[in-house]
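Heads up: the sequence shown begins at 10 in our numbering, then just goes up one per residue. From the three backbone atoms N, C-alpha and C, an ideal C-beta is built for every residue, glycine too. Bear in mind the structure is a predicted one, so any value in this text is a computation, not a measurement. Contents: one structure, followed by commentary.
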Amino acid sequence: MSELLLQAHDVHKTYRLGRVDVPVLRGCDVNVHAGEFLAIRGSSGSGKSTLLHLLGGLDRPDIDGGDISHAGRLLSSLSNRALDWYRARTVGFVFQFYHLLPELTVLENAMLPGLVPGGVGAAAARTRATELLGRFGLDHRLDHRPRELSGGERQRTAIARALVNDPPILLADEPTGNLDEHTGAEILRLLHETHQQGLTMVLVTHDASIADQADRALNLVDGRLTD
Ligand SMILES: Nc1ncnc2c1ncn2[C@@H]1O[C@H](COP(=O)(O)OP(=O)(O)O)[C@@H](O)[C@H]1O
Ligand SMILES: [Mg+2]
């Protein structure tokens, strides 16, 4: 097995709704190895997005609710600055509903992670975003707004954005969930190609046929991951 890159150990996550605790993750363990394409399958509401957000350092487990670590370092031990770097340079995120900013052009959207703390900076982001968008067949769309794009073009823009800081890991949250079958297959092909160029990928989905395309798939059931 290749190097262990990302690890969740006995992770618990509970949301508080008013005075009611809603436990979502109840002891999740996962080891993500460098270069693999791991799928996590679960029904709607099973906690897939919650888990992905924890892996990406966008949220934290419960207090005493286990650990997430990257390359052997606990995310909970990182300084704010190191966590910014982690979010910007180590993981890229792709969402089901693209989350593009409507007032920005395609190129500006794709550049955005380059401009946040820890990002590569505006000049490098412009070069890399232009290169990625070209590779994804969007060179004629750079100055368009997201509303002028099809769903597949929006998701390709979002994937370019996720990769603009050249992170080694991509976290994809139902990236084809809002697309028709043909367009979804195109997006998956693009993700496969990117994975084959060396990217480690964790994709969550409710769709077994998508999970089957990964190197390895785990099921998220009752707040835990099983083979
Ligand atoms: N910020 C939140 N506050 C309260 N409950 C939440 C929050 N986010 C998610 N949940 C609840 O946690 C459960 C898991 O949500 P989620 O991780 O989005 O599942 P999935 O992505 O598998 O559909 C759901 O019951 C959802 O309603
Ligand atoms: Mg979700």
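Give the straight-line distance between the Cα atoms of Asp-236 and Ala-134, rounded to the nearest whole angstrom. 38 Å
Mind checking which residues open and close the beta strand (DSSP E) that includes Thr-99? No beta strand (DSSP E) contains Thr-99, which DSSP labels as neither H nor E.
Does the beta-carbon distance from Ile-196 to Gln-164 come in below 7 Å? yes
Validate contact between the stretch 168-181 and the stretch 205-214 using beta carbons, cut 8 Å, 3 pairs: Contact between the stretch 168-181 and the stretch 205-214 is present: three or more C-beta pairs spanning the two stretches fall below 8 Å.
Is the beta carbon of Leu-151 less than 7 Å from the beta carbon of Val-115? yes
Minimum length 3: unbroken beta strand (DSSP E) runs contained in the stretch 18-75: 29-42, 46-50
Using 7 Å as the threshold, is the C-beta distance between Gly-51 and Lys-57 below it? yes
In the structure shown, what three-state DSSP assignment does Ala-181 receive? strand
Heavy atom of ligand 2 within 6 Å of Ser-58 beta-carbon: yes
Have a look at the DSSP bridge pairing and note the partners of Ser-78. Gln-16, Leu-83
Quickly, what does DSSP pair Leu-234 with across the bridge? List them, please. Residue pairing by DSSP puts Leu-234 in a beta bridge opposite Leu-229.
Check Val-115 in the structure and name its three-state DSSP category. helix
Which one of Phe-145, Val-31, Pro-122, Phe-104 has the shortest CA to CA distance from Tyr-95? Pro-122
For the alpha helix (DSSP H) containing Leu-172, name the first residue and the last one. 160-172
Same chain only: Cβ atoms within 7 Å of Thr-59, ignoring 5 sequence neighbours per side: Lys-22, Val-33, Leu-34
List the DSSP bridge partners of Val-211. Leu-47, Leu-180
Is the CB-CB distance between Ala-43 and Leu-14 below 7 Å? yes
Per-residue DSSP class, three states only, for Gly-146: coil
Heavy atom of ligand 1 within 6 Å of Tyr-95 beta-carbon: no
Please state if the CB of Phe-102 and the CB of Ala-171 are separated by a distance shorter than 7 Å. yes
Closest Cα partner of Pro-126 within the set Gly-27, His-201, Ala-97: Between Pro-126 and the set Gly-27, His-201, Ala-97, the nearest pair of CA atoms involves Ala-97.
Beta-carbon within less than 6 Å of Leu-141's beta-carbon, same chain only, minus the 5 sequence neighbours each way: which residues are those? Ala-169, Leu-172
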